[in-house]
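One structure below.
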Amino acid sequence: MTASIQKSWVIDQMNAKLTIKDFLQKKQGFSRRLLTAMKQEGGKFLINAEDSYITETLKLNDQLTVIFPEEASGSIEATEMELSILYEDEDHLVLNKPAGKACLPSMNDRQNSLANGVLAYYQSTGHPATVHIVTRLDKDTSGLVLIAKNRYVHALLSEAQKKNEIKRTYEAIITGEMNHPAGTINAPIARKKISIIEREVNWKEGKEAATDYQTLSVLAGAALLRVQLKTGRTHQIRVHFSHFGHPLLGDDLYGGKTDVISRQALHCAELEWTHPFQNKRMKFNCGLPLDMAACKEKLAINHQ
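For the sequence shown, full-length UniProt numbering begins at 1 and goes up steadily by one.
Below, the structure written as structure tokens:
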């Protein structure tokens with residue numbers, strides 16, 4: 001039997017006299033959509049372990065428990081695969097994604113994405129939820145991926161992401177060397193009119209996009225950068241550096257050469273966010289994968 005996902009709160013003076021609905025919506029970040037799903041799919045609200053209606057009023061020191069309904073996994077199929085799990089608690093999963101693996105199933109490949117593997121892992125451990133990827137990476141970008149282990153946490157983390165409260169730090173190897181060793185690229189990004197996949201800097205129609213960078217080392221005809229996203233546009237890092245004449249090595253979509261590395265030299269090396277319930281900072285690091293480390297090594301030797 002699968003365990004249900006539940007959350008509990010002890011009601012303090014400030015929240016006494018609120019209804020369950022108001023407490024959850026106004027104080028705990030429950031969306032109307034989530035409350036509707038609770039009602040339609042068999043979720044429960046308990047006050048001091050007794051079934052209660054969402055309209056009931058909370059009193060000082062009441063214990064409110066929300067039992068979430070089991071989540072349907074939709075069109076995602078479970079595929080057993082080896083996962084590199086760096087961290088797990090009842091709300092989060094942090095994985096190190098290899099390059100070449102998509103985060104979500106595509107039209108052409110329904111079986112081999114990270115989500116397929118995570119679903120198989122959930123099923124093997126009896127976790128009653130579907131896969132909620134918070135920080136997606138392109139198929140050929142490696143590194144840390146944050147996954148919420150239920151839809152409530154997913155909603156809270158998505159909100160944090162909109163407010164730029166989830167910090168993602170990347171390492172990238174670019175062609176050439178930036179004029180300034182550190183700085184910020186501010187250039188709006190839009191989808192390229194003639195392509196479904198490609199994005200471009202578009203000063204008229206693009207959405208705001210800002211990327212901070214710092215040079216870590218200068219290599220032969222290249223440089224290793226530490227990059228931080230201030231916004232989360234599709235292909236943002238790749239488009240920004242390509243636009244200013246420094247495409248990522250291996251990124252043939254945006255003009256990078258593939259002679260030293262065969263995929264874009266981009267790795268999510270660090271993730272940092274605030275735990276939604278424990279109010280503590282969570283921070284994880286992950287070193288360069290073998291192909292990027294070898295690329296850096298080769299270019300460092302040639303630079304001497």
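Using N, Cα and C, we set each Cβ at its ideal position, and we do this for glycine too.
First through last residue of the alpha helix (DSSP H) which encompasses L35: For the purposes of this step, residue 35 is identified with residue 35 of the sequence shown, where counting begins at 1. Here the alpha helix (DSSP H) through L35 covers R32 to E41.
Three-way DSSP call (helix, strand, coil) for N116 in this model: Start at 1 with the first residue of the sequence shown, and residue 116 comes out as number 116. It is helical.
Secondary structure, beta strand (DSSP E): runs of 3+ residues fully inside the segment 69 to 157: Unbroken beta strand (DSSP E) stretches of 3 residues or longer found wholly inside the segment 69 to 157: 85 to 88, 92 to 97 and 142 to 148, given in chain order.
Stretch-stretch touch, CB-based, cutoff 8 Å, three pairs: the segment 159 to 177 with the segment 80 to 93: When Cβ pairs closer than 8 Å are counted between the two stretches, the segment 159 to 177 is seen not to touch the segment 80 to 93, the count staying below three.
Continuous alpha helix (DSSP H) assignments of at least 4 residues falling wholly in the segment 203 to 290: 236 to 243
Whole-number beta carbon distance between P69 and M38, since they are thought to touch under 8 Å: Residue numbering aside, residue 38 sits at position 38 when the sequence shown is read from its first letter. Residue numbering aside, residue 69 sits at position 69 when the sequence shown is read from its first letter. Indeed, because the Cβ distance is near 7 Å, the residues count as touching under 8 Å.
Buried versus exposed call for G256 [16 or more other C-beta atoms within 10 Å across all chains shown]: Stepping through the sequence shown from its first residue, residue 256 is reached at position 256. Flag for G256 reads buried.
Per-residue DSSP class, three states only, for L18: As a first step, residue 18 is located in the sequence shown; it is residue number 18 there, counting from the start. Three-state result, L18: coil.
Distance between H240 and K296 (C-alpha atoms, nearest Å): Here the question's residue 296 lines up with position 296 in the sequence shown. Here the question's residue 240 lines up with position 240 in the sequence shown. If you take the alpha carbons of K296 and H240, they lie about 21 Å apart.
Proximity winner among P289, D251 and E90, relative to I147 (alpha-carbon distances): Position 147 of the sequence shown, counted from the start, is the residue given in the question as residue 147. Minimum Cα distance to I147 is reached at E90.
D251 versus A209 - alpha carbon distance: Numbered from 1 along the sequence shown, position 251 holds the residue referred to as residue 251. Numbered from 1 along the sequence shown, position 209 holds the residue referred to as residue 209. Here the alpha carbon of D251 sits roughly 20 Å from the alpha carbon of A209.
Counterpart residues of L64 in DSSP-defined beta bridges: The residue given as residue 64 occupies position 64 in the sequence shown. Looking at the DSSP assignment, L64 forms a beta bridge with W9 and I47.
Assigned exposure category for T258 - 16 Cβ within 10 Å defines buried: The residue you call residue 258 lines up with position 258 of the sequence shown. It is exposed - the Cβ of T258 has fewer than 16 other Cβ atoms within 10 Å.
Simplified DSSP assignment, three categories, for K167: Taking the sequence shown and counting its residues from 1, the one referred to as residue 167 is at position 167. K167: strand per DSSP, three-state reduction.
Rounded C-alpha distance that separates L46 from Q278: As a working mapping, residue 46 is identified with position 46 in the sequence shown. As a working mapping, residue 278 is identified with position 278 in the sequence shown. Roughly 22 Å between the two C-alpha positions.
Straight-line gap, M1 to G143 (C-alpha atoms, nearest Å): Here residue 1 is taken as the residue at index 1 of the sequence shown, counted from 1. Here residue 143 is taken as the residue at index 143 of the sequence shown, counted from 1. Because the pLDDT at M1 is just 40, under 50, the model does not fix this residue reliably, and the value given afterwards should be weighed accordingly. Those two C-alpha atoms are separated by around 34 Å.
C-alpha gap between W273 and L35, whole angstroms: For this step, residue 273 is matched to residue 273 along the sequence shown. For this step, residue 35 is matched to residue 35 along the sequence shown. Their backbone Cα atoms lie some 25 Å apart in a straight line.
Coil, strand or helix - A160 by DSSP: Here residue 160 corresponds to residue number 160 of the sequence shown, with the count starting at 1. Residue state, collapsed to three classes: helix.
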